[in-house]
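Numbering follows the numbering used here, in which position 54 of the sequence shown is assigned residue number 44; successive positions increment by one, without gaps.
First comes the structure, then the notes that go with it.
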Amino acid sequence: MADAAAKSRSFRKYTFRGVDLDQLLDMSSDQLVELFHARARRRFQRGLKRKPLALIKKLRKAKKEAEHGEKPEAVRTHLRNMIVVPEMIGSVIGVYNGKTFNQVEIKPEMVGYYLAEFSISYKPCRHGRPGLGGTAGRFIPLR
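The structure is reproduced here in structure tokens:
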């Protein structure tokens, strides 16, 4: 029992492309963009439009209003094509899937991904028994 108390569990420190989380948060947007994949780089180089900036602003506000140690209020959005940036980490976002808003808590591992990847927009196909007319008529013996 004493061994278990002395040996505390160590967690693996998160890094994004070799850069740890603290450094990611301190980076300028230009340095951060260089770490992203080509499609994301192109998107940021062409400039953030009004809607993505408004989302980031709402996330900042929600984080600021949340009490220390509490999750911030969820911010709803239709911006499925928004790329997750380190500033969003810890926020809760309601991502629209065409029908409902799916709550997504942003974690460090999500940096560089699109919000849409965490809110599936279709119901996956379930392969079960064939429906009516699924097979050619069954053989029925004639006595």
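Ideal placement from N, C-alpha and C gives every residue a C-beta, glycine not left out.
C-alpha gap between residue i and residue j, whole angstroms
| i | j | result |
| --- | --- | --- |
| R(-1) | E99 | 20 Å |
| R2 | P120 | 47 Å |
| E63 | A56 | 7 Å |
| K10 | V101 | The question names Lys, but residue 10 in the sequence shown is Asp. Roughly 12 Å separates the two Cα atoms. |
| K61 | D12 | 20 Å |
| R29 | R36 | 11 Å |
| I96 | Y103 | 11 Å |
| P76 | Y4 | 12 Å |
| L38 | K(-3) | 47 Å |
| G118 | Y86 | 29 Å |
| Y112 | E24 | 33 Å |
| R33 | G8 | 22 Å |
| R116 | S19 | 43 Å |
Spatially closest choice to residue i from the options, by CA coordinates
| i | options | result |
| --- | --- | --- |
| K53 | R31, K39 and V82 | V82 |
| F91 | E107, Y112, G80 and H68 | H68 |
| A106 | V94, F34 and H117 | V94 |
| H58 | Y112, G80 and R116 | G80 |
Burial state of residue i (16 or more Cβ within 10 Å)
| i | result |
| --- | --- |
| S109 | buried |
| P137 | Since the displayed the chain opens at -9 and closes at 133, residue 137 lies outside it and no answer follows. |
| L22 | buried |
| L132 | exposed |
Within 8 Å, strictly: CB atoms of residue i and residue j
| i | j | result |
| --- | --- | --- |
| V65 | G88 | no |
| F6 | L14 | yes |
| M78 | L49 | yes |
Given 8 Å, three or more beta-carbon pairs between the region 71 to 88 and the region 36 to 50
With the cut-off at 8 Å, the region 71 to 88 and the region 36 to 50 touch.
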